[in-house]
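Residue numbers (the working numbering): 12 to 273.
Glycine included, each C-beta is placed from N, C-alpha and C at the ideal position.
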Ligand SMILES: O=C(O)CCC(=O)C(=O)O
Ligand SMILES: [Fe+2]
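This is the structure:
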């Protein structure tokens, strides 16, 4: 197995391993690489749905999200398709299911059909936290924010049922012990800071969103059919670029349950 970092702060490509037929020793190496690099790219895997499900199962129990429909014959697999730019709820920087008490710990995508375009970007929230000033770190240490699923609820006409949850804006990764900034898009996935008004919250939310997603902490993946990419949803945000018009884009997605952020 060969692991090659893709940028200075986030992402690595892993080759010479078959995810569908992996030994326990190889899995231990993959797990370590995952904790070290936060995003792993496995080119040319072309997993069957069954292989995808089996690989995901090695990471823990699967998790599902409200407001989306899973595959009829594989209730843990979400088929991501092109629903049009207006419905591209993931075209912003976000942590998955951050509006739930226990957001997923990680997600594994398997690319089935790729358009021209349709890249996905990830940003390291370890790096985002570590590059804040000591004063800002101190100030944020005990702050919580309201995370929401605004666009997701809106897409299915259930705005009045928009889910939300309070979480700390600095979280400690349960496996690495490193601190990561935990924020979202002001208005889409993050509403305001706890016990603060919208007006008070907005400038800092906007600053942190911008800070979290600077180009020097990002990996941008240009997909090829057959790629498998997995990310750590406890220390990265991601953004699905919708620049492919009406072309087809099909990926299968499985997420794994996580713990309440602390
Ligand atoms: O379509 C993608 O590349 C990723 C979409 C996304 O945000 C997700 O699956 O959580
Ligand atoms: Fe996402």
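Hey, residue 140 and residue 191: beta-carbon distance below 8 Å or not? The residue labelled residue 140 in the question sits at position 129 within the chain shown. The residue labelled residue 191 in the question sits at position 180 within the chain shown. The Cβ atoms of residue 140 and residue 191 lie closer than 8 Å to each other.
Can you tell me which of 187, 181, 197 puts its alpha carbon nearest to the alpha carbon of residue 159? For the purposes of this step, residue 159 is identified with residue 148 of the chain shown, where counting begins at 1. Answer by Cα proximity: 197.
Count the C-beta pairs between the segment 16 to 24 and the segment 47 to 60 that are closer than 8 Å, then say yes if the count reaches three, no if not. Counting Cβ pairs under 8 Å, three or more are found: they touch.
Quick one: Cα of residue 163 to Cα of residue 173, how far? The residue given as residue 163 occupies position 152 in the chain shown. The residue given as residue 173 occupies position 162 in the chain shown. In a straight line, the C-alpha of residue 163 is about 8 Å away from that of residue 173.
Under 8 Å between the Cβ atoms of residue 60 and residue 88? Counting from 1 along the chain shown, the entry for residue 60 is found at position 49. Counting from 1 along the chain shown, the entry for residue 88 is found at position 77. A contact, by the Cβ cut-off of 8 Å.
Near residue 78, which residues of its chain fall below 8 Å by C-beta distance, leaving aside the five closest residues on each side in sequence? Your numbering for residue 78 matches position 67 in the chain shown. Same-chain partners within the cutoff: 160, 163, 164, 166, 167, 169.
Kindly examine ligand 2 and report whether one of its heavy atoms sits closer than 7 Å to the Cβ of residue 200. Taking the chain shown and counting its residues from 1, one reaches residue 200 at position 189. No - ligand 2 has no heavy atom lying nearer than 7 Å to the Cβ of residue 200.
Assuming residue 7 and residue 124 form a contact by the criterion Cβ under 8 Å, report the distance between their Cβ atoms to the nearest whole angstrom. What is shown of the chain runs 12 to 273, which leaves residue 7 out entirely.
Per DSSP, residue 262 forms a beta bridge with which residues? Position 251 of the chain shown, counted from the start, is the residue given in the question as residue 262. In the DSSP output, where bridge partners are listed per residue, residue 262 has 91, 122.
How many angstroms separate the CA atom of residue 86 from the CA atom of residue 67? Working through the chain shown from its first residue, we reach residue 86 at position 75. Working through the chain shown from its first residue, we reach residue 67 at position 56. Rounded to the nearest angstrom, the two C-alpha atoms are 13 Å apart.
I'd like to confirm the pairing. Which residues does DSSP put opposite residue 166 in its beta bridges? To locate residue 166, count along the chain shown from 1; it is residue 155. Paired residues: none, contrary to the question.
Residue interval of the alpha helix (DSSP H) (run including residue 223): The residue you call residue 223 lines up with position 212 of the chain shown. For residue 223, the enclosing alpha helix (DSSP H) stretches over residues 209 to 223.
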